[in-house]
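Worksheet: the structure to be examined is printed underneath.
So, in structure tokens, the structure goes:
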């Protein structure tokens with residue numbers, strides 16, 4: 009039997025910062041990839057040493073050149089005060105907890121969500137925690153009989169060069185690593201079972217089997233789950249509430265206790281400025297933390313229902329419960345069964361300081377079909393029937409030869425009317441169907457582009473070959489006109505599709521929908537920017553060597569076609585920006601649109617007046633200033649957009665003033681480096697190619713870095729670390745958006 013060829017590529021344990029420490033809704037220009045490289049290149053680790061009386065924490069690194077500079081950078085990045093001993097610095101008690109960078113995104117009408125990025129020190133601590141406790145995380149994530157989205161194993165990067173690998177390879181649309189599938193790129197630290205997103209559950213045999221077995225379905229969820237979690241409850245879930253409380257009374261359990269529950273509890277406090285009420289929202293590790301607590305609650309509920317003296321309820325006999333993160337699906341036959349289950353959950357969740365949402369409780373009788381399922385089915389038919397692109401063969405009766413033509417069907421007016429009808433008739437909120445709609449449009453667009461590229465490349469090749477081979481007839485003007493006619497058809501098709509896409513997006517421009525919009529636009533931009541080359545013959549260099557000759561790269565589309573479509577995208581984005589101007593609670597969405605405009609090229613740059621308008625910059629006696637509190641993302645993305653363009657000189661001055669104001673908002677000089685937002689900003693600015701050294705030194709002084717030699721060392725460290733968190737240049741929009749989509753979390 010032939011052995012399978014196996015290539016295992018190992019990531020360092022620092023890979024947790026690539027997948028489990030950041031919210032999904034961050035700008036495309038921001039990532040942890042360069043921070044990850046820094047940790048690996050210099051072997052930086054968070055380590056703990058335990059004794060009966062005390063636990064000591066250290067940050068260590070391997071010997072590296074320039075040794076002194078590396079230590080200086082590490083001390084500033086992780087806010088360390090002590091001196092090093094043999095490439096190791098001990099943390100003091102007040103250096104353990106940091107202040108996360110918390111930012112807001114649009115959530116509902118006139119409402120927002122707060123997401124957080126942990127301080128780099130806390131991210132380093134997570135690497136150590138995952139490495140030490142990954143097996144226990146998996147164990148405590150396997151307790152619930154109800155959970156359908158839980159850590160199942162540690163993800164591996166494996167490439168198997170055979171047919172079975174091709175069959176098992178993870179799909180590009182899998183938002184997290186699925187247990188049982190192989191991946192060519194790591195997405196999350198753990199693989200997850202059983203469903204990477206809620207839609208797969210709705211379509212699965214288990215859901216359909218429960219529909220057959222039971223007559224009723226009850227859906228509910230936990231109100232503000234992450235905001236409500238009490239960090240000490242992780243120890244209650246892992247050990248027991250009585251044990252922990254008794255231990256605290258007897259002072260046998262404290263911050264130095266070396267056990268999984270207490271360590272996880274302390275880590276979550278460290279990430280959130282020592283808070284015990286609520287955990288930060290956004291990173292995957294917060295979902296892991298919540299999952300372990302909810303696993304314990306599920307297990308207790310199942311046991312309580314089973315051991316009751318009267319009216320005991322048996323799982324998979326009297327009822328079935330499926331929990332996806334904090335969403336519950338209860339299948340049952342008798343109304344009393346549902347009431348008993350609901351009562352148990354209300355009581356137990358209250359013990360863990362959580363409660364059930366009053367607004368998200370729904371009951372369904374047979375046929376068990378939800379409003380969302382109805383809407384999805386109708387949206388599927390709409391996209392399939394109203395958006396079509398096919399290649400058909402046509403016989404030219406005059407010249408008596410065949411010519412393939414493009415048959416495109418897409419009318420935005422019809423799509424918009426029918427979409428609104430579906431929303432109205434199905435009684436769903438537009439936001440609930442948006443991700444699914446964008447998914448279908450993206451798939452339809454992919455197929456359309458593939459068909460067109462194959463068809464169009466053949467036309468272009470035919471024209472080119474005729475022009476270089478005198479033995480063949482010249483590609484005639486009529487042929488050229490037919491070709492251009494097909495190009496115009498494709499342009500019209502995409503233009504109508506964009507009308508529909510931007511219409512549904514403008515209804516509710518949330519960050520997740522903006523990312524889906526970017527994915528669609530990225531595919532269009534990549535297609536229209538692509539250059540093609542064709543094989544044109546061979547050249548004999550010597551008696552033994554023959555070299556293939558290819559044409560020079562040529563644009564696939566004529567300049568007018570590209571210009572028209574790019575202008576369409578630009579106009580639609582400006583329309584959205586006019587309607588949804590940036591403000592304190594809506595910033596990230598606008599920043600994504602700004603990055604798209606940058607991708608269109610210099611012909612579609614915003615004017616100075618437009619930037620002042622969209623970013624609400626006030627002008628007074630020739631001076632400009634932001635009229636609302638701007639965060640780190642606004643400053644860095646706007647700086648990424650304007651670069652060194654002279655037209656934006658006053659915008660640059662405004663950005664610099666905004667940077668000074670943001671840093672000085674923290675009056676306590678000692679606390680500035682403890683704030684994630686400020687330390688991320690500092691390290692991005694010192695490597696920014698668009699800022700002068702004088703301003704960079706001014707910023708460093710705001711962080712008490714007064715020594716000129718240390719300033720020089722930090723500035724010169726750019727030779728070893730070109731980027732930290734923001735990718736200032738050499739930015740690849742298409743790759744960044746695909747990487748973003750691949751890391752979409754479960755909600």
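Numbering (this note's numbering), first residue to last: 9 to 755.
Glycine included, each C-beta is placed from N, C-alpha and C at the ideal position.
Which term fits residue i, buried or exposed, when burial requires 16 or more other beta carbons within 10 angstroms of its beta carbon?
i, result
"residue 205", "buried"
"residue 617", "exposed"
"residue 727", "exposed"
"residue 666", "buried"
"residue 158", "buried"
"residue 495", "buried"
"residue 261", "Here residue 261 scores only 43 on pLDDT, less than 50, and its place in the model should not be relied on; the value that follows carries that caveat. Buried, since its Cβ has 16 or more Cβ neighbours within 10 Å."
"residue 714", "exposed"
"residue 756", "The requested residue 756 is not part of the displayed model; the chain covers only 9 to 755."
"residue 567", "exposed"
"residue 466", "exposed"
"residue 130", "buried"
"residue 218", "buried"
"residue 291", "buried"
"residue 232", "exposed"
"residue 421", "exposed"
Can you look up residue i in the DSSP assignment and give me helix, strand or coil?
i, result
"residue 247", "coil"
"residue 739", "coil"
"residue 151", "coil"
"residue 716", "helix"
"residue 65", "strand"
"residue 94", "coil"
"residue 105", "coil"
"residue 162", "strand"
"residue 622", "helix"
"residue 658", "helix"
"residue 157", "strand"
"residue 397", "strand"
"residue 278", "helix"
"residue 211", "coil"
"residue 203", "coil"
"residue 541", "coil"
"residue 412", "strand"
"residue 584", "helix"
"residue 349", "helix"
"residue 572", "helix"
"residue 306", "helix"
"residue 480", "Low confidence applies here, because residue 480 scores a pLDDT of 48, under 50, leaving its location unreliable; read the following figure in that light. Looking at residue 480 - three-state DSSP - the assignment turns out to be coil, as it is neither helix nor strand."
Between the C-alpha atoms of residue i and residue j, what's the straight-line distance to the nearest angstrom?
i, j, result
"residue 52", "residue 149", "29 Å"
"residue 79", "residue 287", "31 Å"
"residue 284", "residue 570", "54 Å"
"residue 64", "residue 315", "45 Å"
"residue 647", "residue 660", "7 Å"
"residue 596", "residue 611", "24 Å"
"residue 362", "residue 498", "53 Å"
"residue 163", "residue 196", "7 Å"
"residue 256", "residue 123", "The predicted position of residue 256 is uncertain, since its pLDDT is 46 and thus under 50; a value taken from the coordinates is nonetheless stated next. Computed Cα separation, rounded: 32 Å."
"residue 563", "residue 235", "52 Å"
"residue 367", "residue 442", "21 Å"
"residue 676", "residue 429", "56 Å"
"residue 201", "residue 156", "6 Å"
"residue 637", "residue 312", "50 Å"
"residue 584", "residue 514", "6 Å"
"residue 457", "residue 501", "11 Å"
"residue 746", "residue 309", "41 Å"
"residue 74", "residue 81", "11 Å"
"residue 540", "residue 303", "54 Å"
"residue 752", "residue 143", "24 Å"
Measure how close the beta-carbons of residue i and residue j come, nearest whole angstrom, since I'm counting them as under 8 Å.
i, j, result
"residue 327", "residue 339", "6 Å"
"residue 114", "residue 518", "5 Å"
"residue 604", "residue 581", "6 Å"
"residue 656", "residue 688", "With a Cβ gap of about 23 Å, residue 656 and residue 688 do not count as contacting."
Given 8 Å as the limit, is there contact between the segment 623-630 and the segment 57-69, that is, 3 or more CB pairs closer than that? no
Is the segment 724-740 touching the segment 25-41 in the sense that three or more CB pairs, one from each, lie closer than 8 Å? yes
Check whether the segment 95-108 and the segment 581-597 are in contact - that is, three or more C-beta pairs closer than 8 Å. no
Does the segment 345-364 come into contact with the segment 200-215, if we say contact requires no fewer than three beta-carbon pairs (one atom in each stretch) closer than 8 Å? no
Are there three or more Cβ pairs, one per stretch, closer than 8 Å when the segment 677-685 is compared with the segment 26-35? no
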